[in-house]
Amino acid sequence: MGAILPRHVAIIMDGNGRWAERRGLARHAGHREGVPVVRLCVEECVRRGIGALTLFAFSSENWRRPEVEVANLMTLFFDALEREVAELDANGVRLRVIGDRHALSVRLQARVAEAERRTAGNTRLDLQIAVSYGGRWDIVQAARKLAAEVATGSLRAADIDEARFGGALALADLPDPDLFIRTGGERRISNFLLWNLAYTELWFTDTLWPDFDVAAFESALEAFALRERRFGLAAAPGERDRA
Ligand code: FPP
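Numbering (my numbering), first residue to last: 81 to 323.
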């Protein structure tokens, strides 16, 4: 029998800046070096049949970084979208950006909308890129959405339960991540998917994001499968005892 696979993997891609600084390079060189690693993770998910991958590319807090680093990152996202969308589409990947997209430039918003439209019918891998995203922002925007429905009378406050609330969040239509990976040595969630990570297996590595490779990804998957074997009951992942 094959190893137990997560259905949804969430990753904080940390350590690009340090990777560059250790080589005497500008931080941007580290971000650039991180792009092929994104591609590698997408390929591995498609190859292994993991249905969903959510990557933290830029947090609500990252806007406070030096202006030039923010500008460079936005250019990197724009160029990567332009370059990769055709191949993502050809490989059955549905791409979506989650986060406060109104904070992005109009040009980048248009590029994102076009990539989402182009890949909307794909079903092999759901790829979410979190940009200008924060777990608290997500919870607040969900609360606002539901409050507006209550205000118009289309929803009763008493009918708001966990399922209804989860349905108003950015990852509404996806199962919660089974496996969370963070590179770069910190052992924190850092305002990523706060609601959705409630029962997720957490896996941390000191490896910096540009050095993350297939072997490291495999280690995370092996650790996940082992934990499932040790603690899981007979039920499928996601349906096991949450205690
Ligand atoms: C964290 O490293 C990384 C980021 C803030 C940016 C992540 C972006 C990429 C990997 C580029 C590719 C992404 C896409 C979606 C094409 P850091 O700068 O916090 O590193 P440090 O902790 O060493 O300073």
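All residues carry an ideal CB built from backbone N, CA and C; glycine is no exception.
- When Cβ pairs closer than 8 Å are counted between the two stretches, the region 284 to 301 is seen to touch the region 97 to 115, the count reaching three or more.
- Within 10 angstroms of the beta-carbon of Tyr213 lie 16 or more other beta-carbons, which makes it buried.
- In the DSSP assignment, Trp217 falls outside any beta strand (DSSP E) and lies within the alpha helix (DSSP H) extending over Gly215 to Thr232.
- Take the alpha-carbon of Thr285 and the one of Ile92: they are about 11 Å apart.
- For Arg144, the CB stays at least 7 Å from every heavy atom of the ligand FPP.
- For the ligand FPP, the residues with a Cβ under 7 Å from any of its heavy atoms are, in chain order, Met93, Asp94, Gly95, Asn96, Gly97, Arg98, Trp99, Arg107, Gly110, His111, Gly114, Val115, Val117, Val118, Leu135, Ala137, Phe138, Asn142, Leu153, Leu156, Phe157, Ala160, Ile209, Gly264, Leu288 and Trp289.
- Bridge partners of Ala90 according to DSSP: Thr134 and Phe260.
- The closest CA to that of Val192, considering only Ile269, Ile209 and Thr287, is found on Ile209.
- Here the region 234 to 242 does not lie against the region 298 to 307, with fewer than 3 beta-carbon pairs under 8 Å apart.
- In the DSSP annotation of this structure, Trp99 is not part of any beta strand (DSSP E); the continuous alpha helix (DSSP H) holding it starts and ends at Asn96 to Glu101.
- In the DSSP annotation of this structure, the continuous segment of the beta strand (DSSP E) that includes Leu282 starts and ends at Glu281 to Phe284.
- With contacts defined as CB atoms closer than 8 Å, Leu274 and Pro257 fail to qualify as a contacting pair.
- Nearest to Asp218 by alpha-carbon distance, out of Trp283, Cys121 and Ser140, is Ser140.
- Under the three-state reduction of DSSP output, Leu235 falls in the coil class, being neither helix nor strand.
- Nearest neighbour of Val177 by Cα position, chosen from Gln189, Asp169 and Leu168, turns out to be Gln189.
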